[in-house]
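The structure under discussion appears below in the form of structure tokens.
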Amino acid sequence: MNIKSARWVWAVVLAQVVFLLAWAGYHEGVRHTAPTVRLKTLPVDPRDILRGDYMILNYEISRTEKFPIAANGDVFVVLKPEGAHHVVADVLTEEPAADDPRLWVYARAWQNGNNLRLDYGIERFFVPEGRGTPRFTTLEVEAAVSGAHRLYIRHVWLDGKKFP
Numbered sequence: 013m014n015i016k017s018a019r020w021v022w023a024v025v026l027a028q029v030v031f032l033l034a035w036a037g038y039h040e041g042v043r044h045t046a047p048t049v050r051l052k053t054l055p056v057d058p059r060d061i062l063r064g065d066y067m068i069l070n071y072e073i074s075r076t077e078k079f080p081i082a083a084n085g086d087v088f089v090v091l092k093p094e095g096a097h098h099v100v101a102d103v104l105t106e107e108p109a110a111d112d113p114r115l116w117v118y119a120r121a122w123q124n125g126n127n128l129r130l131d132y133g134i135e136r137f138f139v140p141e142g143r144g145t146p147r148f149t150t151l152e153v154e155a156a157v158s159g160a161h162r163l164y165i166r167h168v169w170l171d172g173k174k175f176p
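13 is the number of the first residue of the sequence shown in our numbering; add one for each residue after it.
Below, the structure is given as structure tokens:
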């Protein structure tokens, strides 16, 4: 391999490393700087041989009967504070205007009988290997809302204490 080819190989490798670091940095930045919402949560405790221990999280905002939609697919969920947590204020099939002051996030929706099921992409939380799901009475998730209107888990709270 000549010097010119070696430079191209190193340039490609460097570009991939820069991309991966920028991508990871973006997601970590969102988790640490974006506004947050607190969500009531119910866990399920599965185990995956390849991924380890994790909890499947089922949020109160993941099901509603109030807002039927005509078809399954992408929706825009408007959240509002109610006490210490956020709840669903509206489910829209059209993206809110850029100047809409309401807090809204993307979700996938599908009808399940009379219920509307909403998936936000934060339904799994990985726990330290070998610890499994801890015992607790209440479970809450503090989720960051990115500028792209996506939710990211920032913290999990068990009985009012940050976990892990």
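We put the beta carbon where it would ideally sit given N, CA and C, even for glycine.
Assuming contact is defined by CB atoms lying nearer than 9 Å, are residue 131 and residue 120 in contact in what I supplied?
yes
How about residue 157 and residue 46: are their beta carbons less than 9 Å apart?
yes
Using the Cα positions of residue 195 and residue 135, report the straight-line distance between them to the nearest angstrom.
Residue numbering for the chain in the displayed model covers 13 to 176; residue 195 lies beyond these limits and cannot be assessed.
Determine the burial state of residue 34: buried for a count of at least 16 other Cβ atoms within 10 Å of its Cβ, exposed for fewer.
exposed
Where does the unbroken beta strand (DSSP E) through residue 168 begin, and where does it stop?
163-170
Check residue 136 in the structure and name its three-state DSSP category.
strand
Where does residue 48 sit, in a helix, a strand or coil, going by DSSP?
Of the three classes helix, strand and coil, the one that applies to residue 48 here is strand, per DSSP.
Close beta carbons around residue 43, own chain, < 6 Å, minus the five adjacent residues each side:
Excluding positions up to five away in sequence, the list reads 156, 164, 166.
With which residues is residue 157 paired in a DSSP beta bridge?
Paired residue(s): 163.
I'd like the span of the beta strand (DSSP E) that includes residue 86, first residue to last.
85-94
Classify residue 91: buried if its beta carbon has 16 or more other beta carbons within 10 angstroms, exposed otherwise.
Buried is the call here.
Under 9 Å, do residue 137 and residue 171 count as touching if we go by C-beta distance?
no
Going by DSSP, what residues sit across from residue 118 in a beta bridge?
88
Same chain, Cβ closer than 8 Å to residue 76, five either side skipped, listed in chain order:
100, 103, 127, 128, 130
Decide if residue 24 is buried, meaning its Cβ has at least 16 other Cβ atoms within 10 Å, or exposed.
Its Cβ having fewer than 16 others within 10 Å, residue 24 is exposed.
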